[in-house]
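Under our numbering, the first residue of the sequence shown carries the number -2, and numbering increases by one thereafter. Shown next, in structure tokens, is the structure this report addresses.
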Amino acid sequence: MATSIPSSPAHGTRVRATRELPAGCSPSSRIIRSPAAAPEEEKYWGTCLAEPFLQEKRDFNISIHLATSLPLPSERDHLRPSIDLVVFMIDIKSKYSLKNVETSLAYVDASFFLGKVCFLVTGVGRVNACSIEMNAVCKLGETYCSPVLFCELELEGVRAATAQRLVQMLRICTGHIPGVSALSFVSLMRKSDDN
């Protein structure tokens, strides 16, 4: 059902949620996030987003691995669960953030760009503090055929809404929504962006 990235992020915090599953449900889904501005800020915003993410109602387990960059150390590959969705966080206020994401993209297996990668752009509420051209972020989404989500993680309501969207994307990536594949979902999102 899911493939794993042969190599992925280096440092991070792991957050796990466990729950009784109905018969026939996948035992676990994994999402990996990488990177935001500075490692300290990454951990803070990653934790802030992970909490509402894990509180969302779902019929499968979620394991979140927060990482500041890719690749992950290969010596633990045999212990690492499969990865179903990769979310790259880009802080609009940090050129370092965009550069780090661009560097990390080289370590993501090409099969993930078939609907299992998205870019989460944070700090969009402060357009006057932007260090990154919005066109550069949109071009990244086009280049990798991956959706770009914009949010302001400082607002609790926006964090909750973003978590809902990511859980829905994860449901699709793991096959929990019959008749919708990750690739068809991304195609639909791209068509709606074009209109």
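Where is the CB? At the ideal position from N, CA and C, for every residue including glycine.
DSSP bridge partner residues for residue i (one or two, in chain order)
| i | result |
| --- | --- |
| Phe50 | DSSP output for Phe50 lists no bridge partner at all. |
| Met86 | Leu117 |
| Cys148 | Thr119 |
Distance CB(residue i)-CB(residue j) smaller than 8 Å
| i | j | result |
| --- | --- | --- |
| Leu95 | Leu117 | no |
| Val84 | Pro144 | no |
| Val98 | Ile87 | yes |
| Ile129 | Lys92 | yes |
Rounded distance between the beta-carbons of residue j and residue i, thought under 8 Å
| i | j | result |
| --- | --- | --- |
| Leu180 | Gly112 | 4 Å |
| Leu82 | Cys170 | 5 Å |
| Lys90 | Ala126 | 5 Å |
Residues near residue i by beta carbon distance below 6 Å, same chain, minus five either side
| i | result |
| --- | --- |
| Ala157 | Pro49 |
Cβ-based neighbour list, residue i, same chain, cut-off 8 Å, excluding 5 preceding and 5 following
| i | result |
| --- | --- |
| Cys148 | Leu117, Val118, Thr119, Val121, Val155, Arg156, Ala158, Thr159 |
| Leu152 | Gly122 |
Close beta carbons around residue i, own chain, < 7 Å, minus the five adjacent residues each side
| i | result |
| --- | --- |
| Phe110 | Tyr141, Cys142, Ser143 |
| Met186 | Pro144 |
Within-8 Å CB hit, residue i to chain C
| i | result |
| --- | --- |
| Ser143 | Judged by its chain identifiers, the structure shown contains no chain C, having just a single protein chain. |
Point to revise | Touch test, the region 164 to 171 against the region 122 to 140, Cβ-Cβ under 8 Å, three pairs minimum | key: no
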